[in-house]
Amino acid sequence: MAQTQLAILLTSVALVVIGLYAAIFVDNIIKKIIGISFIEEGANLFIVAIGYKAGGVVPILMPGMDTSWFASNAAYPLPFGLVLTSIVIGASTLAVMLALVMVLYRRYGTLSTKVMLADTSKQEEYNE
Amino acid sequence: MNELIPLMVIVPLIAALLISAFSKFNKVTKIFAFVVAICLPLIPLLSNYGLHYFGGYEPILDNVTSFVYHPAITYSFTFLQQIFIAMIGLLTFLVIFVYLTKYKEVSGPYLFLLFLGTAAVTAMLLTDDIFHMFVFFEILALAQVGIVAASSIDYSYEMALKYMILGSIGSPIMLLGIGFLLALTGSVNVTDIATAVHNGLVDATSPVFLTSLGLIFFGWLYASGLPPFHTIKSGIYSKAEPHGAALLQSFTVISMISIVLIMHRIYSTLPIFEVLIVFFSILAMILGVSMALTQTDFRRMIGFLAVGELGFIGLGIGLGTNYAITAGLFQALNEIIITALLFIGFGAIVNATNEVDTRKLGGLLAYHPKVSLMLLIAGLAMAGVPPLSGFQSKLMLVQASLNCGFPEISILAIMVSIATFVVFVKTFYVMFLRPKPKELEVEGKEVPRAMIFAMGILLILVIGLGLFPDVVVNGISSFVGGIL
Numbered sequence: 014m015a016q017t018q019l020a021i022l023l024t025s026v027a028l029v030v031i032g033l034y035a036a037i038f039v040d041n042i043i044k045k046i047i048g049i050s051f052i053e054e055g056a057n058l059f060i061v062a063i064g065y066k067a068g069g070v071v072p073i074l075m076p077g078m079d080t081s082w083f084a085s086n087a088a089y090p091l092p093f094g095l096v097l098t099s100i101v102i103g104a105s106t107l108a109v110m111l112a113l114v115m116v117l118y119r120r121y122g123t124l125s126t127k128v129m130l131a132d133t134s135k136q137e138e139y140n141e
Numbered sequence: 037m038n039e040l041i042p043l044m045v046i047v048p049l050i051a052a053l054l055i056s057a058f059s060k061f062n063k064v065t066k067i068f069a070f071v072v073a074i075c076l077p078l079i080p081l082l083s084n085y086g087l088h089y090f091g092g093y094e095p096i097l098d099n100v101t102s103f104v105y106h107p108a109i110t111y112s113f114t115f116l117q118q119i120f121i122a123m124i125g126l127l128t129f130l131v132i133f134v135y136l137t138k139y140k141e142v143s144g145p146y147l148f149l150l151f152l153g154t155a156a157v158t159a160m161l162l163t164d165d166i167f168h169m170f171v172f173f174e175i176l177a178l179a180q181v182g183i184v185a186a187s188s189i190d191y192s193y194e195m196a197l198k199y200m201i202l203g204s205i206g207s208p209i210m211l212l213g214i215g216f217l218l219a220l221t222g223s224v225n226v227t228d229i230a231t232a233v234h235n236g237l238v239d240a241t242s243p244v245f246l247t248s249l250g251l252i253f254f255g256w257l258y259a260s261g262l263p264p265f266h267t268i269k270s271g272i273y274s275k276a277e278p279h280g281a282a283l284l285q286s287f288t289v290i291s292m293i294s295i296v297l298i299m300h301r302i303y304s305t306l307p308i309f310e311v312l313i314v315f316f317s318i319l320a321m322i323l324g325v326s327m328a329l330t331q332t333d334f335r336r337m338i339g340f341l342a343v344g345e346l347g348f349i350g351l352g353i354g355l356g357t358n359y360a361i362t363a364g365l366f367q368a369l370n371e372i373i374i375t376a377l378l379f380i381g382f383g384a385i386v387n388a389t390n391e392v393d394t395r396k397l398g399g400l401l402a403y404h405p406k407v408s409l410m411l412l413i414a415g416l417a418m419a420g421v422p423p424l425s426g427f428q429s430k431l432m433l434v435q436a437s438l439n440c441g442f443p444e445i446s447i448l449a450i451m452v453s454i455a456t457f458v459v460f461v462k463t464f465y466v467m468f469l470r471p472k473p474k475e476l477e478v479e480g481k482e483v484p485r486a487m488i489f490a491m492g493i494l495l496i497l498v499i500g501l502g503l504f505p506d507v508v509v510n511g512i513s514s515f516v517g518g519i520l
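Here the protein sequences line up with chains H and U, keeping their order.
If you count by this note's numbering, then the first sequence holds residues 14 to 141, one letter each, in order.
If you count by this note's numbering, then the second sequence holds residues 37 to 520, one letter each, in order.
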């Protein structure tokens with residue numbers, strides 16, 4: 014495993030761990046969502062690392078390129094394609110989460126999950 | 037006519053986009069949504085079984101390894117996909133029919149979400165590509181959150197955000213698991229991955245492979261609403277409109293079986309895989325029914341009962357024999373129908389009384405006899421009373437666990453069924469048989485005919501599959517024989 018690839022993998026692990034900590038233990042909803050984004054980007058970075066090839070070339074076959082040389086030197090393109098899709102999905106979920114947070118912030122006037130996401134059944138009993 | 041296979045996904049997807057774009061034309065939107073919804077169950081029934089290779093890229097034989105590789109996304113259409121996609125199509129039609137007749141002005145975005153969810157689960161069932169499955173799993177999560185948030189029920193936004201946060205943790209973890217499989221095999225095609233595992237190209241005992249199982253399994257627990265996600269899953273059912281909840285629970289069942297069948301093909305060589313599935317399924321059965329016992333909101337009660345029923349599905353698949361998996365998949369089909377019937381039926385009661393608290397209801401049998409009778413039959417079917425469909429699948433599951441040498445599991449399954457019966461009979465008595473509370477106003481409030489129609493269709497299926505289970509069991513058994 015190349016040093017660069019190892020560094021990328023370790024970074025992705027760090028992103029996932031930090032993200033999990035924020036998503037589970039931090040009370041502020043915006044920080045929680047940032048943590049969730051960290052987990053997503055950690056997973057994406059991990060997949061990018063799989064396709065990395067030390068000293069490799071961009072996986073686009075140009076005119077005049079020797080195909081056997083290209084096959085043995087090009088980076089693996091599939092992970093990059095997957096990550097592109099994953100980024101788009103991540104952006105969509107992020108947008109929906111932030112939209113819901115905006116609505117709830119207007120209702121509760123706070124970003125604390127302890128207040129806005131308290132057990133809804135208890136909230137109903139309290140209102141009754 | 038294999039060209040029809042991708043149309044099962046494309047038609048609801050295009051319909052969703054068009055409805056969203058042209059929703060200001062109310063009458064046209066209604067007619068268009070109705071026509072597309074009628075087509076949804078028909079397309080799988082008209083299509084031939086087979087494979088569809090996107091872009092026309094057929095499998096390639098590698099002369100060095102003598103293995104066949106799939107260079108593009110592949111859709112596989114067999115009897116199992118046919119029966120489940122037709123059922124989802126029928127349910128989508130019934131839900132949209134109920135929705136269109138309920139409101140004069142329809143919401144384009146809401147119809148968009150219903151069609152989008154249907155397209156997503158259809159793609160999850162058809163695909164032979166684990167990343168493609170993940171993409172539609174994410175799209176499905178967005179549609180589910182939208183359906184909950186779009187309801188006018190109190191605290192629906194809070195529940196939607198909770199579900200979204202948990203989903204946003206569960207999905208990247210599943211993606212990491214897919215990344216591990218990609219690193220091991222260089223492919224995201226399930227057939228290619230399974231071939232590599234079963235031919236020894238991948239060490240099935242390696243930590244990387246086992247980690248991938250753990251990560252994908254976590255994502256599956258979230259998708260299925262099995263413990264520890266059972267409370268949030270039942271919560272989203274209770275915060276959606278009743279007809280929306282009917283569709284949401286079917287989405288859960290389909291995503292559960294789609295992911296577990298893919299996992300089964302990849303990880304069936306690991307004994308721990310089946311142990312994990314059986315363990316979490318039993319946990320779901322016990323927690324689902326015991327939490328349902330304590331509920332006073334009947335929407336939440338059905339939600340917990342639905343979670344308990346998911347445990348039965350997982351149990352069948354976890355036992356791993358042909359008969360057990362067939363029983364589990366048959367149970368999945370029955371759960372989709374029975375739970376949808378319950379949600380729509382109780383939705384009719386909400387419509388007539390504006391009340392969801394069983395403590396404030398009573399005497400409804402005299403006012404709504406048709407709905408009462410249909411709900412009674414649905415509840416008995418869920419509890420496994422003969423000769424209804426739930427009885428047939430639960431009997432198969434009990435026999436399967438006995439055949440596998442686990443009489444304890446059989447006894448547990450029977451006890452959970454009895455507990456389900458108790459929950460339902462208690463609720464039925466409180467809502468329909470005991471004297472009506474004075475403060476409850478039900479005079480002059482009719483149940484919409486569309487709801488009665490939808491319940492009638494589902495009831496025919498419950499009784500039909502109970503009397504003639506072989507119509508689907510033989511086909512499912514052949515499919516299971518193919519994957520084992």
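Idealized CB from N, CA, C, for every residue including glycine.
Item: Terminal residues of the beta strand (DSSP E) in which Phe113(U) lies; Value: Thr110 to Phe113
Item: Stretch-stretch touch, CB-based, cutoff 8 Å, three pairs: the region 317–337 of chain U with the region 256–270 of chain U; Value: yes
Item: Whether Leu377(U) touches Ala414(U) by CB criterion (7 Å); Value: yes
Item: Proximity of Ala320(U) and Gly347(U) at Cβ, strictly below 7 Å; Value: yes
Item: Of the residues Gly48(H), Ser25(H), Gln18(H) and Leu19(H), the one placed nearest Leu107(H), counting alpha carbons only; Value: Gly48(H)
Item: Reduced DSSP category for Leu87(U) - H, G, I as helix; E, B as strand; rest coil; Value: strand
Item: Within 7 Å, strictly: CB atoms of Arg301(U) and Val238(U); Value: no
Item: Pro77(U) Cβ short of 6 Å to the ligand SAH heavy atom set; Value: Ligands in the displayed structure: none, and consequently the ligand SAH is not present.
Item: Contact list for Leu113(H) against chain U, beta-carbon separation under 9 Å; Value: Val181, Ala185, Tyr193, Glu194, Ala196, Leu197 and Met200
Item: The region 167–187 of chain U in contact with the region 204–215 of chain U per 3-pair CB rule at 8 Å; Value: yes
Item: Three-state secondary structure assigned by DSSP to Glu141(H); Value: With a pLDDT of only 42 at Glu141(H), under 50, the local geometry of the prediction cannot be trusted, and the value read off the model is given with reservation. Glu141(H) falls in the coil class under three-state DSSP.
Item: Cβ pair Gln180(U), Leu246(U) closer than 7 Å; Value: no
Item: Whole-number beta carbon distance between Pro263(U) and Phe316(U), since they are thought to touch under 8 Å; Value: 6 Å
Item: Alpha-carbon spacing of Leu341(U) relative to Pro107(U), whole angstroms; Value: 42 Å
Item: Residue-chain proximity (Glu277(U), chain H), Cβ-Cβ < 7 Å; Value: no
Item: Of the residues Glu53(H), Glu54(H), Phe51(H) and Ala35(H), the one placed nearest Lys45(H), counting alpha carbons only; Value: Ala35(H)
Item: Neighbourhood of Leu25(H) by C-beta, 7 Å cutoff - its chain only, sequence neighbours within 5 removed; Value: According to the sequence shown, residue 25(H) is Ser rather than Leu. Hits under 7 Å: Gly55, Leu58, Phe59 and Ala62.
Item: Proximal residues of chain H, C-beta to C-beta of Gly215(U) below 7 Å; Value: Ala56, Phe59, Ile60 and Ile63
Item: CA nearest to the CA of Gly69(H), picked from Tyr118(H), Leu95(H) and Thr17(H); Value: Thr17(H)
Item: Cβ pair count under 8 Å reaching 3, the region 99–115 of chain U against the region 51–67 of chain U; Value: no
Item: The region 31–54 of chain H: positions lying closer than 7 Å to chain U by Cβ; Value: Ala36, Lys45, Ile49, Ile52 and Glu53
Item: Contact list for the region 69–93 of chain H against chain U, Cβ threshold 8 Å; Value: Tyr89, Leu91 and Pro92
Item: Whole-number beta carbon distance between Leu178(U) and Ser105(H), since they are thought to touch under 8 Å; Value: 6 Å
Item: Other residues of its chain near Asn38(U): CB distance less than 8 Å, five sequence neighbours each side excluded; Value: Ser83, Asn84, Gly86, Leu87, His88 and Phe113
Item: Per-residue contacts from Phe167(U) into chain H (C-beta, under 7 Å); Value: Leu95
Item: Own chain, CB closer than 6 Å to Glu138(H), minus 5 neighbours either side, in chain order; Value: Note on Glu138(H): pLDDT 49, under 50, position unreliable in the model; no value is reported.
Item: Contact under 7 Å by Cβ, Thr394(U) with Val466(U); Value: yes
Item: Cβ-Cβ distance between Gly64(H) and Ala88(H) below 7 Å; Value: yes
Item: Alpha carbon of Glu141(H) to alpha carbon of Val224(U), nearest angstrom; Value: At Glu141(H), the pLDDT of 42 sits below 50, so the modelled position is not reliable; the number obtained from the coordinates is stated separately. Approximately 52 Å between the Cα atoms of the pair.
Item: Test: Tyr139(H) CB closer than 7 Å to a CB of chain U; Value: Note that Tyr139(H) scores a pLDDT of 41, beneath 50, so its modelled location is shaky; the value from the coordinates is reported in the next line. So no, Tyr139(H) is outside the interface.
Item: Neighbourhood of Leu147(U) by C-beta distance below 6 Å, restricted to the same chain and skipping five residues each side; Value: Ile55 and Ala69
Item: Close-in-space but distant-in-sequence residues of the same chain around Gly502(U) (CB under 8 Å, 5 per side omitted); Value: Ala417, Pro422, Pro423, Leu424, Ser425, Gly426, Phe427 and Gln428
Item: Cβ neighbours of Leu74(H) in the same chain (closer than 6 Å, five flanking residues each side left out); Value: Phe83
Item: C-beta neighbour in chain U for Val26(H), strict 7 Å; Value: no
Item: Straight-line Cα distance separating Leu22(H) from Val29(H); Value: 11 Å
Item: Whole-angstrom C-beta distance between Leu401(U) and Phe468(U), which should lie under 8 Å; Value: 4 Å
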